[in-house]
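Asks: Following this message is one structure expressed as C-alpha cells.
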Amino acid sequence: MRIVFVSQIRSFQSGICVVALLTFVLAGCELSVPPAPPPDLDSAYFACSVQPVLARECSFPGCHGNPDRAFQVLAPARMRLSDQYLVARALLTPDELIQKVNPPLTETELAFNLNQSRFMIRPYDAPQDTQLLTRSLSVAAGGIYHAPNGDIFHSKKDEGYRRILAWINGAGAGDCP
Numbered sequence: 672m673r674i675v676f677v678s679q680i681r682s683f684q685s686g687i688c689v690v691a692l693l694t695f696v697l698a699g700c701e702l703s704v705p706p707a708p709p710p711d712l713d714s715a716y717f718a719c720s721v722q723p724v725l726a727r728e729c730s731f732p733g734c735h736g737n738p739d740r741a742f743q744v745l746a747p748a749r750m751r752l753s754d755q756y757l758v759a760r761a762l763l764t765p766d767e768l769i770q771k772v773n774p775p776l777t778e779t780e781l782a783f784n785l786n787q788s789r790f791m792i793r794p795y796d797a798p799q800d801t802q803l804l805t806r807s808l809s810v811a812a813g814g815i816y817h818a819p820n821g822d823i824f825h826s827k828k829d830e831g832y833r834r835i836l837a838w839i840n841g842a843g844a845g846d847c848p
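Following our numbering, the numbering of the sequence shown begins with 672 at its first residue and continues without gaps.
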C-alpha cells in the first residue's frame, strides 16, 4: 500500500487545473480574421420603411418587444426605453395627452432598433440569407423555423420582406414609400 500525502494530491490537482486552463485558453485563441462589423445602412430608410414593419410584426411582448430577447424591437405603445419614453411624452401637446396618444419613438430609440437590426444581418454578402429575413420568412417560402406561428412573411413578395431586403441592399431616404 502506497501512502500519498495531501500535498502530493494538491500538487497533482493543481497541475491538472493548469493544463486544463491552458487547453481551454489556447483552444479559444484563433488567429483567424475577426468578423467584419455589421454594414452601415441608411437610417432614414430604416425609420420610414423598416421600422414600421418591425413595429407592426415583431414588437409584441411575446415576441421581440421583450427585454429578455436577444433581438429586441422598441415601438410606441409597446416596449420603450423608459428615459426616452419620458422625453417623447414631454413633447406631446395637452390635447394629445388627453387623447392618450402614444408618443413616437425618439431618435435614440430608433437608433437602438437600427443597431439591433444591423446585427441580424449576416452574412453580409448574401442579403436574402440574413437572419433578419430568413427567420421571419415561412419555411415553405425558404425561411428558417422561427417559432410556433412565427412566420411573418409567407412569400418573398410580401411588402415587408421587400422593404427589409431593399434596406439591406442599400436603399436610402429617397426610396421611402
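From the three backbone atoms N, C-alpha and C, an ideal C-beta is built for every residue, glycine too. Please read these numbers as outputs of a predicted model, since none were measured by experiment.
1. Starting from D766 and walking both ways along the alpha helix (DSSP H), at which residues does that stretch end?
2. Taking DSSP as the reference, what is the three-state secondary structure of F676?
3. Between the segment 788-808 and the segment 756-772, can you find at least three pairs of beta-carbon atoms closer than 8 Å?
4. Report the CB separation of N784 from V744 in whole angstroms; it is logged as a contact under 8 Å.
5. Please report the residue range of the alpha helix (DSSP H) in which F731 lies.
6. Flag this pair as touching only if the segment 715-723 and the segment 830-841 have three or more C-beta atom pairs under 8 Å; answer yes or no.
7. Taking the straight line between their C-alpha atoms, what separation do you get for F824 and L752?
8. Rounding to the nearest angstrom, what Cα-Cα distance links H817 and P732 in this structure?
9. What residue range does the alpha helix (DSSP H) around Y832 cover?
10. Under a three-way DSSP split, which group does F665 fall into?
Replies: In terms of the structure at hand:
1. P765 to I769 is the span of the alpha helix (DSSP H), which, as asked, contains D766.
2. Because F676 carries a pLDDT of 46, less than 50, the predicted location of this residue cannot be relied on, and the following value inherits that uncertainty. Secondary structure at F676: coil, using DSSP grouped into helix, strand and coil.
3. These segments do not touch.
4. Their Cβ separation, rounded to whole angstroms, is 6 Å, which keeps N784 and V744 in contact under 8 Å.
5. Per DSSP, F731 belongs to no alpha helix (DSSP H) and is neither H nor E.
6. Flag = yes, the segment 715-723 and the segment 830-841 touch.
7. If I take the Cα positions, the gap works out to 27 Å.
8. So the two alpha carbons sit approximately 16 Å from each other.
9. Run containing Y832: E830 to I839, per the alpha helix (DSSP H) assignment.
10. An answer regarding residue 665 cannot be provided, because it is not within the stretch 672 to 848 covered by the chain.
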